[in-house]
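Numbering (the working numbering), first residue to last: 27 to 433. For glycine and all other residues, C-beta sits at the position ideal for the given N, C-alpha and C. Treat the numbers as computed from the prediction; the structure is a model and nothing was measured.
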Amino acid sequence: MTDAQVAPYTPRHSEMARQALGLVFLTNGAVFGTWAVNIPSVRDALNLNETQVGLALLAIGLGSLVTMPVTGGWTSRYGSHRVTLISMFAFIFALALPFLAPNLLVLALALAVMGAANGAMDVAMNAQGVTVERALARPVMSRFHAYFSLGSVTGALLGTVLVGRVPMLTHALIVVAAAALAAFWAGRRLLPDQIVATSPSPAGQDQVSPSGKNNAHSGPRFSSAVVLLGTLCFLGMLSEGANYDWAALYFRDTLGLAGGSATWGYTAFVIAMTLGRWFGDIVRTRLGDERTVRGGALLTAGGLALALLVRDPWLATLGFALSGLGLSNVVPVMYGTAGHALAGHGIAQVATIGYAGFLLGPPAIGFVAQHVGLPAALGIALAGAVIIAVFGGQAFALVRKKAMPPS
Numbered sequence: 027m028t029d030a031q032v033a034p035y036t037p038r039h040s041e042m043a044r045q046a047l048g049l050v051f052l053t054n055g056a057v058f059g060t061w062a063v064n065i066p067s068v069r070d071a072l073n074l075n076e077t078q079v080g081l082a083l084l085a086i087g088l089g090s091l092v093t094m095p096v097t098g099g100w101t102s103r104y105g106s107h108r109v110t111l112i113s114m115f116a117f118i119f120a121l122a123l124p125f126l127a128p129n130l131l132v133l134a135l136a137l138a139v140m141g142a143a144n145g146a147m148d149v150a151m152n153a154q155g156v157t158v159e160r161a162l163a164r165p166v167m168s169r170f171h172a173y174f175s176l177g178s179v180t181g182a183l184l185g186t187v188l189v190g191r192v193p194m195l196t197h198a199l200i201v202v203a204a205a206a207l208a209a210f211w212a213g214r215r216l217l218p219d220q221i222v223a224t225s226p227s228p229a230g231q232d233q234v235s236p237s238g239k240n241n242a243h244s245g246p247r248f249s250s251a252v253v254l255l256g257t258l259c260f261l262g263m264l265s266e267g268a269n270y271d272w273a274a275l276y277f278r279d280t281l282g283l284a285g286g287s288a289t290w291g292y293t294a295f296v297i298a299m300t301l302g303r304w305f306g307d308i309v310r311t312r313l314g315d316e317r318t319v320r321g322g323a324l325l326t327a328g329g330l331a332l333a334l335l336v337r338d339p340w341l342a343t344l345g346f347a348l349s350g351l352g353l354s355n356v357v358p359v360m361y362g363t364a365g366h367a368l369a370g371h372g373i374a375q376v377a378t379i380g381y382a383g384f385l386l387g388p389p390a391i392g393f394v395a396q397h398v399g400l401p402a403a404l405g406i407a408l409a410g411a412v413i414i415a416v417f418g419g420q421a422f423a424l425v426r427k428k429a430m431p432p433s
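Written out as C-alpha cells, the structure is:
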C-alpha cells in the first residue's frame, strides 16, 4: 500500500505525530541555538573579523538555497515523513563540523553542509506540518514554530552553562547525542503524506497536499500578493536572523560582556519569541492578523532602538526581549495568510522568499558592520521592522482582494 492509499489517520496516531513533529521543530531550534551561542568562540578561535564571520554565515544560506528548491520534489516522491527524518539526522551530525574547522575556508564548507541539511529539513518538516494539521483538522503550525523557538531557548540556556567551561566540540557533541535520540523517537511517529478527504481542513483552507499541489492552481506563479507578502516576510526573517546570529556578538563586542553573559540578549530574544508564539493564537483572535503583525513590528523597532541606542546591558537585554516578542507572530501569520488566501503554491513561494531574508540578511549585516560598526549595521533589522509596520496594511488588503470570490 502506498502513502497516498493509507486510510485516514486515527486520533491517536494524529496526536502522536503532533507531539513527534513538535520535537522535530524543537530539535531544529536547539541545534541552531547551539551554533549561535558559539559564534563568538569560533570567531576568536579562528581569529576572524566581522567580514569573515559574514562570509561564513553566508555559506549557511547558500547551502540551504541549494537544497530548498529540490526538497519539494523529494517530499512528493518519498514522503515528507521520510525526508524530514533523513534531513534531521544530517543536520544534527553536521553541527559538529564547524567546530572541527581549522580555518575560514573549511569553516565555510562545514557551514554550507550544515545549511544544506537545514534547508531540506525546513521544507520537509513544514510539509509534514501540513499533513499533521489536516489529520487533526485544526491549525497547529504556529505551535510548531513555537517549539522551534523553545528549542532555541534550550540551546541558549545550555550554552549559558557550557560556553567558556567546556571545549566547543564537547558542547556540540553533547547536543548531537541528545538530538539523535530525539530523532530516533520522533521518526517512527511521523505521518505518511495524504490528503485527508474525509475530514475538514483546518481554518477553512483548501485541500492542498504538502507538495503544494491544488486543482485550483495549475502551476506556480508569483502574483503581486505573493511578492508583497514574501517581501514583508523577508524583512521579518531578516530581523529574526539578525537577532539570532548577531545578538551574542553585540553583547560581547559592543557591551563588553564575556563568557555566558554574552548570551543574555540572545537568550532574552528567544524566550520572548517562544512565549509570543505559544500564546500567539490568543493575540491573533483578539487583535486580528493585520494588527498583530503591524503592532509586533513596531514593538520590534522600539526594542531594537532601545538595545542599540542605550548601551546598558540590562536595557539592551530588555530591548532584545521586546524585539523577540514583536517578531514572534510575524512569520507564522504570513505563512498562514498565504496558505488561506493563496493555497499551496502561494505559501511555498512566500516561505521561500522569506527564508532568503533569514539566511542572507545576517551575512549582509556582517559586511556592513565591518565598515560602520555592528550597532549601525543592526539598524538594518530595525528599518525592516519599520517597513513591515508601514506597508503591512497594503499587503493584507491585497491578500483580502485576492481571496475574495468573483462576483
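| request: For valine 192, name the three-state secondary structure that DSSP assigns. | output: strand
| query | What is the DSSP secondary structure of glycine 419, counted as helix, strand or coil? | reply | Residue state, collapsed to three classes: helix.
| Does the Cβ of alanine 30 have 16 or more other Cβ atoms within 10 Å, making it buried, or fewer, making it exposed? | Model confidence at alanine 30 stands at a pLDDT of 42, short of 50, so the residue's coordinates are unreliable; what they give is reported in the following sentence. Alanine 30 comes out exposed.
| task | For alanine 229, name the three-state secondary structure that DSSP assigns. | result | A caution first: alanine 229 carries a pLDDT of 43, below 50, which makes its placement in the model unreliable, though a value can still be read off. Of the three classes helix, strand and coil, the one that applies to alanine 229 here is helix, per DSSP.
| Within 8 Å, strictly: CB atoms of serine 102 and asparagine 144 | no
| message | DSSP three-state label for threonine 117, please. | response | The amino acid occupying residue 117 in the given sequence is phenylalanine; threonine does not appear at that position. Phenylalanine 117 falls in the helix class under three-state DSSP.
| Same chain, Cβ closer than 7 Å to glycine 256, neighbours up to 5 away in sequence not counted | If we look at glycine 256 and ignore the five residues flanking it on each side, its Cβ neighbours are Gln375, Val376, Ile379 and Gly380.
| query | By DSSP, does serine 178 sit in helix, in strand, or in coil? | reply | Note: serine 178 maps to helix in three-state DSSP.
| query | Between glycine 267 and proline 358, is the Cβ-Cβ spacing less than 8 Å? | reply | no
| query | Can you tell me whether DSSP reads alanine 143 as helix, strand or coil? | reply | helix
| request: Could you tell me whether any Cβ in chain D is nearer than 8 Å to the Cβ of glycine 328? | output: Among the protein chains of the structure shown there is no chain D, as only one such chain exists.
| request: Pull up the CB-CB distance for alanine 327 and phenylalanine 295, whole angstroms please, since I reckon it's below 8 Å. | output: About 14 Å; that fails the 8 Å criterion.
| Span of the alpha helix (DSSP H) holding serine 90? | 76-104
| Where does leucine 404 sit, in a helix, a strand or coil, going by DSSP? | It is coil, neither helix nor strand.
| message | In this structure, how does DSSP classify tyrosine 35 when only helix, strand and coil are distinguished? | response | For tyrosine 35, the secondary structure class from DSSP, reduced to helix, strand or coil, is coil.
| message | Can you find the residues in the same chain that come closer than 7 Å, C-beta to C-beta, to leucine 188, ignoring five residues on each side of it along the sequence? | response | His197
| query | Would you say serine 178 and arginine 303 are within 8 Å of each other, going by their C-beta atoms? | reply | no
| query | Within 10 angstroms of its Cβ, does tryptophan 100 collect 16 or more other Cβ (buried), or is it exposed? | reply | buried
| query | Given leucine 344, which residues of its chain have a CB within under 7 Å of its CB, disregarding the five upstream and five downstream residues? | reply | Leu332
| Using DSSP with H/G/I as helix, E/B as strand and the rest coil, what is proline 358? | helix
| request: Quick one: grab the DSSP three-state call for alanine 43. | output: helix
| task | Could you tell me the boundaries of the alpha helix (DSSP H) in which threonine 289 lies? | result | Premise fails: threonine 289 is in no alpha helix (DSSP H) and is neither H nor E.
| task | Using the Cα positions of alanine 435 and valine 253, report the straight-line distance between them to the nearest angstrom. | result | Any question about residue 435 goes unanswered here, given that the chain covers just 27 to 433.
| message | Here's the rule I'm using: 16 or more other beta-carbon atoms within 10 Å means buried, otherwise exposed. How should glycine 314 be labelled? | response | exposed
| field | Rounded Cβ spacing between methionine 94 and valine 158 (contact assumed at less than 8 Å) | value | At roughly 21 Å, the Cβ-Cβ gap does not stay under 8 Å, so methionine 94 and valine 158 are not in contact.
| task | Would you check if the region 72-80 and the region 382-396 touch, i.e. whether three or more CB-CB distances between them fall below 8 Å? | result | Result yes; three or more Cβ-Cβ pairs closer than 8 Å.
| query | Between which two residues does the alpha helix (DSSP H) harbouring tyrosine 270 extend? | reply | 250-275
| For leucine 217, the three-state DSSP class (helix, strand or coil) | coil
| said: Using CA atoms only, rank isn't needed, just tell me which of Ala46, Gly213, Thr180 and Leu217 is closest to valine 201. | reply: Thr180
| message | Taking its Cβ as the centre, do 16 or more other Cβ atoms sit within 10 Å of proline 128, making it buried, or is it exposed? | response | exposed
| Do the CB positions of serine 354 and asparagine 269 come within less than 8 Å of each other? | no
| task | Use the C-beta contact count for aspartate 70: other C-beta atoms within 10 angstroms, 16 or more gives buried, fewer gives exposed. | result | When all chains shown are included, aspartate 70 counts as exposed.
| task | Give the secondary structure of valine 132 by DSSP, where H, G and I count as helix, E and B as strand, and everything else as coil. | result | helix
| query | Taking DSSP as the reference, what is the three-state secondary structure of valine 166? | reply | Shown here, valine 166 sits in coil according to DSSP, grouped into three states, outside any helix or strand.
| request: Excluding the 5 residues preceding and the 5 following glycine 213 in the sequence, name in chain order all residues of the same chain whose CB lies nearer than 7 Å to its CB. | output: Leu111
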